[in-house]
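S.K.: Residue numbers (UniProt numbering): 1 to 442.
Mind having a look at this structure? Questions to follow.
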């Protein structure tokens with residue numbers, strides 16, 4: 001867990017620059033998520049650990065906005081290749097007590113106000129998918145914790161320091177809000193500029209950098225643009241000290257990300273892990289928010305008997321008629337009862353499914369993990385059409401496949417993969433694939 005200064009840029013700063021002529025760092029496969037074999041450990045974001053309240057620094061709120069827009073030629077969105085981004089459903093399981101005990105809540109999306117939740121002083125959090133920010137106050141304000149995928153127990157950080165600066169460890173935990181920031185596999189990218197407003201020399205990174213110093217001199221950034229990803233930026237090397245946490249957007253000066261010193265000595269992006277199926281063959285849970293609960297949060301109720309299941313709604317936003325399925329659907333339009341021309345929205349309660357654009361499992365395919373999909377854009381659709389569904393009766397353990405540039409697995413360029421890869425060229429392979437051999441997994 002990272003207790004950090006989380007700066008959220010204004011909507012006026014969300015236009016992104018093009019990438020032509022940019023010097024880009026690139027990750028190396030098998031190098032511990034880009035951290036390299038260095039002698040210093042990376043930031044503890046993948047496997048979360050509880051922090052001692054006595055060592056949690058008080059974190060100031062973000063400063064008043066004094067940001068000036070970056071020049072339009074710098075903040076020109078590069079739309080090529082970003083028309084269709086395959087997002088993944090987010091999920092957090094929150095337990096009201098330590099040891100993953102007490103009341104259990106499932107959080108699927110942003111929760112603007114969680115102040116009514118009754119929690120003990122120490123809570124347990126299991127982040128299944130996504131990179132999240134937990135805020136002290138409602139509407140995504142106040143001090144924050146950054147949560148990456150993994151398990152953690154957290155003592156109440158907001159009351160770790162009282163008026164006298166002494167630990168105050170008896171008050172119950174109060175969460176203001178939750179926000180899901182990392183939603184897809186896009187390659188993280190951040191650009192540092194030597195001058196304000198995105199001007200001057202530019203240096204771009206796409207992976208972790210444990211020590212950016214050159215001949216003992218730290219990088220000096222007068223402005224920053226985060227093209228994609230959620231970045232932890234440190235003023236000291238080897239991910240030391242309290243980081244600044246920057247989401248996509250433009251930061252035209254030091255005040256924009258709450259810094260007084262332009263030195264940047266290390267940085268690290270929060271990433272998504274591989275697909276996860278909690279119940280590949282024995283799902284599960286409730287149909288939606290309990291009465292009075294905020295949207296995006298589900299109180300768990302087990303279904304009997306357990307089975308893979310999808311709730312299908314006729315309209316977007318989980319509106320209109322709905323019904324549950326637990327087996328393959330060849331053609332949605334031919335189901336008994338009221339026929340649906342397509343799926344408006346759906347909630348995968350258990351198992352892993354593939355949705356198809358056309359009947360008979362034809363057309364564009366969409367991987368549907370456990371989670372909520374409010375409309376066709378959220379499952380990465382090319383259009384609103386989703387007419388057939390098939391259950392994948394397997395898990396994602398030890399996946400492996402081989403891509404071949406030629407047809408029929410003939411000799412020529414090929415690459416074997418066993419983990420998520422956002423760009424095949426990072427593995428020294430091109431962009432043309434005409435045959436695939438799946439060795440294991442999905």
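Ideal Cβ placement from N, Cα and C applies to all residues, glycine included.
1) Quick check: the stretch 408-425 against the stretch 369-378, are there 3 or more CB pairs under 8 angstroms?
2) Which ranges would you report for the alpha helix (DSSP H) in the stretch 166-238 if only whole runs of at least 4 residues count?
3) What number of angstroms, rounded off, separates the C-alpha of residue 316 from the C-alpha of residue 175?
4) Keeping to the same chain, check which residues put their C-beta closer than 7 angstroms to that of residue 220; ignore five residues upstream and five downstream.
5) Bridge partners for residue 269 per DSSP, in chain order?
6) Check the C-beta distance from residue 314 over to residue 253 and give it rounded, since I have them as a contact under 8 angstroms.
7) Entirely within the stretch 337-375 and at least 3 residues each: give me those beta strand (DSSP E) ranges in chain order.
8) So, at 8 angstroms on beta carbons, what are the nonlocal neighbours of residue 428 in its own chain, with the 5 sequence-adjacent residues on each side left out?
9) Under the DSSP definition of a beta bridge, which residues are partnered with residue 480?
10) What is the DSSP secondary structure of residue 132, counted as helix, strand or coil?
11) Within 10 angstroms of the Cβ of residue 115, are there 16 or more other Cβ atoms? Answer buried if so, exposed if not.
12) Can you tell me the Cα-Cα spacing of residue 146 and residue 251, whole angstroms?
13) Helix or strand or just coil, what does DSSP make of residue 389?
14) Would you list the residues sitting across from residue 126 in a DSSP beta bridge?
15) Does the Cβ-Cβ distance between residue 400 and residue 440 come in under 8 angstroms?
16) Cβ of residue 185 within 8 angstroms of Cβ of residue 272?
17) In chain order, what residues of the same chain lie with their CB nearer than 7 angstroms to the CB of residue 323, ignoring the 5 residues before and after it?
18) By the 10 Å Cβ neighbour count, where 16 or more other Cβ atoms means buried, how is residue 179 classified, buried or exposed?
19) Where does residue 383 land, buried or exposed, given buried means 16+ other C-beta within 10 angstroms?
20) Over the uninterrupted beta strand (DSSP E) stretch that includes residue 277, give me the two end residues.
21) Specify the secondary structure class of residue 324 as computed by DSSP and reduced to three states.
22) Could you check whether the stretch 101-116 touches the stretch 226-240, counting it as contact only if at least three pairs of C-beta atoms, one from each stretch, sit closer than 8 angstroms?
23) Give me the DSSP bridge partner(s) of residue 437.
24) I want to know whether the stretch 199-216 touches the stretch 141-159 - three or more CB-CB distances under 8 angstroms.
25) To the nearest angstrom, how far is the alpha carbon of residue 181 from that of residue 134?
M.R.: The answer reads as follows:
1) Contact between the stretch 408-425 and the stretch 369-378 is not established, with fewer than three Cβ pairs separated by less than 8 angstroms.
2) Under the rule that a run must span 4 or more residues, no alpha helix (DSSP H) segment is found entirely inside the stretch 166-238.
3) Here residue 316 refers to the residue found at position 316 of the chain shown. Here residue 175 refers to the residue found at position 175 of the chain shown. Looking at the two C-alpha atoms, the distance is approximately 29 angstroms.
4) Reading the chain shown from its first residue, position 220 is the one you call residue 220. Once the five neighbours on either side are set aside, the close Cβ partners of residue 220 are 194, 262 and 263.
5) The residue given as residue 269 occupies position 269 in the chain shown. Bridge pairing for residue 269: 231 [DSSP].
6) For the purposes of this step, residue 314 is taken as the residue at position 314 of the chain shown. For the purposes of this step, residue 253 is taken as the residue at position 253 of the chain shown. Contact flag wrong, Cβ pair sits at about 49 angstroms.
7) Complete beta strand (DSSP E) runs here, min 3: 345-350, 352-358, 362-368 and 371-373.
8) Working through the chain shown from its first residue, we reach residue 428 at position 428. Correct list, in chain order: 415.
9) Given a span of 1 to 442 for the chain in the structure shown, any question on residue 480 remains unanswerable.
10) Mapped onto the chain shown, residue 132 falls at position 132. Residue state, collapsed to three classes: strand.
11) Counted from its first residue, the chain shown places residue 115 at position 115. Classification for residue 115: exposed.
12) Your numbering for residue 146 matches position 146 in the chain shown. Your numbering for residue 251 matches position 251 in the chain shown. Roughly 20 angstroms between the two C-alpha positions.
13) The residue labelled residue 389 in the question sits at position 389 within the chain shown. It is a strand residue.
14) Taking the first residue of the chain shown as 1, we reach residue 126 at position 126. Assignment of beta-bridge partners to residue 126 by DSSP yields 93 and 151.
15) Mapped onto the chain shown, residue 400 falls at position 400. Mapped onto the chain shown, residue 440 falls at position 440. For residue 400 and residue 440, yes; Cβs fall inside 8 angstroms.
16) In the chain shown, residue 185 corresponds to position 185, counting from 1. In the chain shown, residue 272 corresponds to position 272, counting from 1. A contact, by the Cβ cut-off of 8 angstroms.
17) The residue given as residue 323 occupies position 323 in the chain shown. Around residue 323, the same chain offers 312 as residues with beta carbons nearer than 7 angstroms, after the five sequence neighbours per side are excluded.
18) Residue numbering aside, residue 179 sits at position 179 when the chain shown is read from its first letter. The residue in question, residue 179, is buried, as its Cβ has 16 or more Cβ neighbours within 10 Å.
19) Position 383 of the chain shown holds residue 383. In the assembly as shown, residue 383 is an exposed residue. Its beta-carbon has fewer than 16 other beta-carbons within 10 Å.
20) The residue you call residue 277 lines up with position 277 of the chain shown. Per DSSP, residue 277 belongs to no beta strand (DSSP E) and is neither H nor E.
21) In the chain shown, the residue the question calls residue 324 occupies position 324. Secondary structure of residue 324 (DSSP, three-state): strand.
22) Taking a contact to require three or more Cβ pairs closer than 8 angstroms, the stretch 101-116 and the stretch 226-240 do not qualify as touching.
23) Counting from 1 along the chain shown, the entry for residue 437 is found at position 437. Under DSSP, residue 437 shares a beta bridge with 402.
24) Touching, no, given that fewer than three Cβ pairs across the two stretches are closer than 8 angstroms.
25) For this step, residue 181 is matched to residue 181 along the chain shown. For this step, residue 134 is matched to residue 134 along the chain shown. Rounded to the nearest whole angstrom, the CA to CA distance from residue 181 to residue 134 is 11 angstroms.
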